[in-house]
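Order-wise, the sequence lines are chains X and H. The first sequence runs contiguously to residue 904 in our numbering. The second sequence runs contiguously to residue 556 in our numbering. Structure, as structure tokens:
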Amino acid sequence: MKYKVVIGLEVHCELETKSKNFSPAINTFSNIPNENVATVDLGLPGILPVPNKEACRRALMTAMALNCTTPDEVLFDRKNYFYPDLPKGYQITQMTKPMGRNGYLDILVGKDIKRVYIHQLHLEEDTASLEHRSAYSLIDYNRSGIPLMEIVTEPCIESAEEAVRFLEDLRDVFIFLGVSEARSNKGQMRCDVNISLMEEGSKTLGTKVEMKNINAFTSVKDAIEYEIKRQTKILENNEKVIQETRRIAEDGKTYAMREKVDAVDYKYFVEPNIPPVPLTKEYLDSIRATIPELKLARYQKYIEKYKLSEYDAGVLSANKETSDYFEQVLSYGSDIDLSVNFVTTAILSTIKKLEIELKDLFITPKMLSDVINLVHKNDMSLDHGKKLLYKAIEEKTDPMEIVKRENLHQINDETELLALITTLMDENKEQVRQYVEEDNKAIINFFIGQTMKKSNRQANPNKSLEIIKIELEKRKKNNETK
Amino acid sequence: MYRGLNITQLRDKIDNEGISPEEIFESTNKLAHQLQDEYNSFVTIIDKFKMKTTNKTLLSGICYGLKDNISTSNILTTSSSNILKDYIPVYDATVYKKLKNAGAVLVGKTVLDELAMGGTGTTAHTGIVRNPWDKNRMIGGSSAGSASAVALGIVPFAIGSDTGDSIRKPASFGGVVGFKPTYGRISRYGLFAFASSLDHIGTLTRNVHDAAAVVDIIKGLDPNDMTTLKDDNKNYVSSLENDIKGKKLFYIKEICDKKLYQDSNDEVMLKILDEFHKMLDKLRNQGFIIEEVSIDKQLLEALYPTYMSISCAEATSNNANLTGIQFGPRNDGSSYQEIMMKDRTLGFSELIKRRFILGSFILQKENQEKLFLNACRIRRLIVDKINELFKDYDGMILPASGSIAPKFDDSSEKLSEKYLILENHLVIGNFGGFPSITLPFTMIENMPVGINLTGRVKEDDLVLNMANYIEKVTGLSDIYSKVGDSNEV
Chain X
423 MKYKVVIGLE VHCELETKSK NFSPAINTFS NIPNENVATV DLGLPGILPV
473 PNKEACRRAL MTAMALNCTT PDEVLFDRKN YFYPDLPKGY QITQMTKPMG
523 RNGYLDILVG KDIKRVYIHQ LHLEEDTASL EHRSAYSLID YNRSGIPLME
573 IVTEPCIESA EEAVRFLEDL RDVFIFLGVS EARSNKGQMR CDVNISLMEE
623 GSKTLGTKVE MKNINAFTSV KDAIEYEIKR QTKILENNEK VIQETRRIAE
673 DGKTYAMREK VDAVDYKYFV EPNIPPVPLT KEYLDSIRAT IPELKLARYQ
723 KYIEKYKLSE YDAGVLSANK ETSDYFEQVL SYGSDIDLSV NFVTTAILST
773 IKKLEIELKD LFITPKMLSD VINLVHKNDM SLDHGKKLLY KAIEEKTDPM
823 EIVKRENLHQ INDETELLAL ITTLMDENKE QVRQYVEEDN KAIINFFIGQ
873 TMKKSNRQAN PNKSLEIIKI ELEKRKKNNE TK
Chain H
68 MYRGLNITQL RDKIDNEGIS PEEIFESTNK LAHQLQDEYN SFVTIIDKFK
118 MKTTNKTLLS GICYGLKDNI STSNILTTSS SNILKDYIPV YDATVYKKLK
168 NAGAVLVGKT VLDELAMGGT GTTAHTGIVR NPWDKNRMIG GSSAGSASAV
218 ALGIVPFAIG SDTGDSIRKP ASFGGVVGFK PTYGRISRYG LFAFASSLDH
268 IGTLTRNVHD AAAVVDIIKG LDPNDMTTLK DDNKNYVSSL ENDIKGKKLF
318 YIKEICDKKL YQDSNDEVML KILDEFHKML DKLRNQGFII EEVSIDKQLL
368 EALYPTYMSI SCAEATSNNA NLTGIQFGPR NDGSSYQEIM MKDRTLGFSE
418 LIKRRFILGS FILQKENQEK LFLNACRIRR LIVDKINELF KDYDGMILPA
468 SGSIAPKFDD SSEKLSEKYL ILENHLVIGN FGGFPSITLP FTMIENMPVG
518 INLTGRVKED DLVLNMANYI EKVTGLSDIY SKVGDSNEV
């Protein structure tokens, strides 16, 4: 019997904002416990939540980027449950009117585009974090109240590969939008996986198993693959999969945590302390106008419009910094092939070597485009262009300054080159003789070398070669007719 | 020595007679202690004079009481519950901060019904509050201590909170003025939440002027409370004497028509209705136009159950922070569930637990539509109806209660068909966030009875203005119980 895998993901992502979602405490990652805590985060009697406008804006922006429909007003609900990491005894979240509904994200799986449907996107607050010791537990409120965005997919993902691809692409969406750093090692992006198996051709979903709070994407992959094997085995033995919550252990296996009692009733109701805020078309449009082109669109554009190879398109669209840099270079009218060449080699290798980020690189897109234009106009060889670039990086000087200072323009003028070469031949009679009398072809290279040396490597090598050949042949002929 | 003086009189003592605020405080403090054993107005009496500023405001140097469910840093704030009996807040409520900045002098934190739930003043962890006019009677609640401290003449004003009628009912039983402005006029930041959509902060004073004077100081937009209104930039004191001729009021037939109570042998209630209608005539003579309107009785009968549904539901959630984990008494247990369960079982009284269970039941998925959301819809219907009437009328006038303060032994929280509407209509003010004021209008069996005036949202100034005229007619301003006074005969 073949089984079809059905996976739904619930992805939590902490938003990057100055303050927390409903309190003035600083929203930042800290290793010192209880450093960023305001009275509101402690759930002290009498506190009131004040929503963070920027968090709302970012959640709405993400919802739009994921092609969701947005609500007519911002409204929050309370989710009531008791747990030591939840100081108020309820979490402020969105149930009635989430920031986004019915969206999708297209992802590239192999060469095919797969559309992953988004059920909803909502904004809520993170809980405190607990650290369990043998006989007691510690509570760290740094995380309490940090704006958290939850994205729930439809159960439409069919493999571990698709799931991981979706998570990676979703993270890229967050990063391209600039709404979150989305670092899973800081717990900024976490995910719950719901997975069930159904018989091929069947229309009823199998029993769902839930795996909660997985940080690393590789763990998601391991967990899904392990679950597929485990559930397949159960079904093949004609046994029943139990509806439960499982946890992923370090060995890549999953272990039962608790059986799912379906009736966890969170007693949602509208948060009375936050009056609904209407969303105007103007406001939504102003957010929409700030949404940058996302990764897949850029990748496709590079292939279709700029005719790049899949490899280059992949490299250049891999992250927003590189892609933005590349596109800015192009915006100065730079030649596409040369721009690809310079960015994928010189620029990327330099930042890798210097272990810096693109934004910290001294060379701006404008500077790079100046260099590219020199090469493109044949004012400088590709080789020289790159050397010039490295020098500029090393000296932290505008490459055009260096060109001016060292008079580095390539000599393309043929009269000038001829004069130079004639002088060289007059000075090196023995070498001319060897060519004329002994037909020593190596002499050509000798004169190329001399020309480059004399011109400070500014002579156009191709043109110089042409002239050297012609001049030597001329002398050979003169000698024969003598 | 300064007992029973109102804000204007105390102002005169300080400004013109050279009496220092500290001297008044010492005398007030002494009186508070003297009357504490018998009447139990306070959870905490402040013994050290503290006045933050010498800036001149109407309230600088004036002593006051603050309900003990309002957060005061470094001062015990118990909400009159065992679960918070040792809780010392780390931050100031906005209302407290504003009073401090105005130079008002805090004399004590006043007793309330536990967690502001209940209307008897008998459920505080520190014991019952007695009515200054008759200590065998209750003063009502939940702002019991605030009402009694003012009715005893200890302080000229006290701050209370009002979720159903918690300021305006004890005001009626205590013969003082209880005012709850428009929802959002005064910040709730720092008020221990009971039912957030119904909770209001307000004042207890001995005259309308003082209510206006205090609200002038404590009102205003607060960035910490998103439900606060934009500043109206009005001075309520200065509009108290505006002409009220031609102002139109209505009373509700289904509440005030004596014929409805024909079979009743409740003499007090019948007397109150008599006095009420007599008062209306006097007010008409002063230029008010007062008419009777009729409202669907079913809607009015729904007031109490609707209030219970919404307030219990919100209260369950609002008090879910009281688990003993973050603060409060913690009991041993082998799991967090066991610890929380024990803390809450031991920390709350039976009445509170009953309300939480009710609230939790109401919010359950299978009940929510029928019990909670329907209650919210009924609330909307009631508010719409009143707003519709407010298109034609400037205010609604009703007896605040159909009884004088009950004796301790005849109290019960049971619903009585007879009193259902008469005793519970004040909640209309909370449903719609309307400004609403109760002031004494007659004495029956030597006990005060209040009349209530409720106005349009945001028209706090007009409500105070009209109440000020009513007060002139009743002649019952600045009354207080002189019990325990050495001059008392």
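We put the CB at the ideal spot given by N, CA and C, even for glycine.
Hey, out of the options, whose CA is closest to residue i's CA?
i	options	result
Thr272(H)	Asp266(H), Ile319(H), Leu219(H), Arg446(H)	Leu219(H)
Glu666(X)	Tyr677(X), Ser602(X), Lys774(X)	Tyr677(X)
Asp527(H)	Asn513(H), Val174(H), Phe246(H)	Phe246(H)
Lys896(X)	Ser877(X), Ile870(X), Met874(X), Met847(X)	Met847(X)
Ser556(X)	Leu389(H), Tyr371(H), Ser402(H)	Ser402(H)
Met39(H)	Asp232(H), Met514(H), Pro88(H)	In the structure displayed, chain H extends from 68 to 556; residue 39(H) sits before or after that span and is not available.
Val524(H)	Phe355(H), Asn332(H), Lys297(H), Asp399(H)	Lys297(H)
Asn489(X)	Arg879(X), His541(X), Asp792(X)	His541(X)
Ile870(X)	Gln856(X), Lys898(X), Thr786(X), Ser886(X)	Ser886(X)
Leu413(H)	Ile429(H), Thr390(H), Leu425(H), Ser427(H)	Thr390(H)
Ser384(H)	Glu417(H), Ser264(H), Pro199(H)	Ser264(H)
Lys338(H)	Ser427(H), Met514(H), Gly496(H)	Met514(H)
Asp566(X)	Met517(X), Pro455(X), His554(X), Ile696(X)	In the sequence as presented, Asp is not what sits at residue 566(X); that position holds Ser. Minimum Cα distance to Ser566(X) is reached at Pro455(X).
Arg446(H)	Thr373(H), Thr111(H), Phe116(H)	Thr373(H)
Leu520(H)	Val281(H), Ala387(H), Val275(H)	Val275(H)
Asn332(H)	Lys409(H), Gly469(H), Gly257(H)	Gly469(H)
Met483(X)	Ile778(X), Pro446(X), Asn607(X), Phe598(X)	Phe598(X)
Ile294(H)	Pro697(X), Asn607(X), Leu627(X), Glu621(X)	According to the sequence shown, residue 294(H) is Thr rather than Ile. With distances taken between Cα atoms, Thr294(H) lies closest to Pro697(X).
Val516(H)	Ala472(H), Ala171(H), Ala442(H)	Ala472(H)
Could you have a look at residue i and say whether DSSP puts it in helix, strand or coil?
i	result
Met184(H)	coil
Gln404(H)	helix
Ile696(X)	coil
Asn122(H)	coil
Cys613(X)	strand
Gln653(X)	helix
Gln513(X)	strand
Cys130(H)	strand
Ser215(H)	helix
Leu288(H)	coil
Pro507(H)	strand
Lys522(H)	Before going on, a small fix: residue 522(H) reads as Gly here, not Lys. In the structure shown, Gly522(H) sits in a strand (DSSP, three-state: E or B).
Glu480(H)	Its pLDDT being 49, under 50, Glu480(H) is placed unreliably in this model, and the value from its coordinates should be taken loosely. Here Glu480(H) sits in coil by DSSP.
Asp451(H)	helix
Gln76(H)	helix
Ala225(H)	strand
So, under 8 Å CB-CB, residue i and residue j are touching, yes? Tell me the CB distance rounded to an integer number of Å.
i	j	result
Val540(H)	Lys312(H)	Contact doesn't hold; Cβ gap of about 14 Å is too wide.
Ile843(X)	Glu893(X)	6 Å
Leu493(H)	Glu538(H)	No, Leu493(H) and Glu538(H) are not in contact; Cβ-Cβ is about 19 Å, not under 8 Å.
Ile568(X)	Lys442(X)	6 Å
Ile112(H)	Val174(H)	7 Å
Evaluate the contact criterion for the segment 137-151 of chain H versus the segment 179-192 of chain H: three or more CB pairs, one atom per stretch, below 8 Å.
-> A contact exists between the segment 137-151 of chain H and the segment 179-192 of chain H.
Given 8 Å as the limit, is there contact between the segment 430-447 of chain X and the segment 526-533 of chain X, that is, 3 or more CB pairs closer than that?
-> Between the segment 430-447 of chain X and the segment 526-533 of chain X, the count of Cβ pairs shorter than 8 Å is below three; the stretches do not touch.
Are at least three pairs of beta-carbons, each pair with one atom in the segment 218-233 of chain H and one in the segment 258-273 of chain H, less than 8 Å apart?
-> Contact holds: three or more Cβ-Cβ distances are below 8 Å.
Would the segment 718-737 of chain X and the segment 274-286 of chain H be scored as touching if the rule is three or more Cβ pairs under 8 Å?
-> Contact between the segment 718-737 of chain X and the segment 274-286 of chain H is not established, with fewer than three Cβ pairs separated by less than 8 Å.
Are at least three pairs of beta-carbons, each pair with one atom in the segment 599-615 of chain X and one in the segment 628-647 of chain X, less than 8 Å apart?
-> The segment 599-615 of chain X is in contact with the segment 628-647 of chain X.
Can you check the segment 454-523 of chain X for any beta strand (DSSP E) of at least 3 residues that lies completely inside it and give the ranges in chain order?
-> Scanning the segment 454-523 of chain X from its first residue to its last, the whole beta strand (DSSP E) runs of 3-plus residues come out as 499-502, 512-515.
Would you call the segment 654-666 of chain X and the segment 455-464 of chain X touching, i.e. three or more CB-CB distances under 8 Å?
-> As far as the Cβ criterion goes, the segment 654-666 of chain X does not touch the segment 455-464 of chain X, which means the pair count is below three.
Stretch-stretch touch, CB-based, cutoff 8 Å, three pairs: the segment 544-554 of chain X with the segment 505-517 of chain X = Yes: the two stretches touch, three or more of their Cβ pairs being nearer than 8 Å.
Would you be able to state if there are at least three C-beta pairs under 8 Å between the segment 513-526 of chain X and the segment 617-636 of chain X?
-> As far as the Cβ criterion goes, the segment 617-636 of chain X does not touch the segment 513-526 of chain X, which means the pair count is below three.
At what residue ranges does the segment 288-368 of chain H contain a whole run of the alpha helix (DSSP H), taking only runs of 4 or more?
-> The qualifying runs are 320-323, 334-352, 364-368.
Okay, do the segment 749-759 of chain X and the segment 787-800 of chain X touch, 3+ Cβ pairs below 8 Å being the bar?
-> Enough Cβ pairs lie closer than 8 Å, so yes.
The segment 800-807 of chain X contacting the segment 820-831 of chain X, beta-carbon criterion three pairs below 8 Å | A contact exists between the segment 800-807 of chain X and the segment 820-831 of chain X.
Ordered list of beta strand (DSSP E) runs contained in the segment 190-214 of chain H, each at least 3 residues | Qualifying beta strand (DSSP E) stretches, in chain order: 201-205.
State whether the segment 82-90 of chain H contacts the segment 158-166 of chain H, with contact taken as three or more CB pairs (one from each stretch) at a distance under 8 Å.
-> No, the segment 82-90 of chain H is not in contact with the segment 158-166 of chain H.
Which full runs of the alpha helix (DSSP H) of 4+ residues lie inside the segment 787-828 of chain X, going along the chain?
-> Counting whole runs of 4 or more residues, the segment 787-828 of chain X contains the alpha helix (DSSP H) stretches 787-798, 804-817, 821-828.
Contact between the segment 207-217 of chain H and the segment 91-109 of chain H: three or more CB pairs below 8 Å?
-> Result yes; three or more Cβ-Cβ pairs closer than 8 Å.
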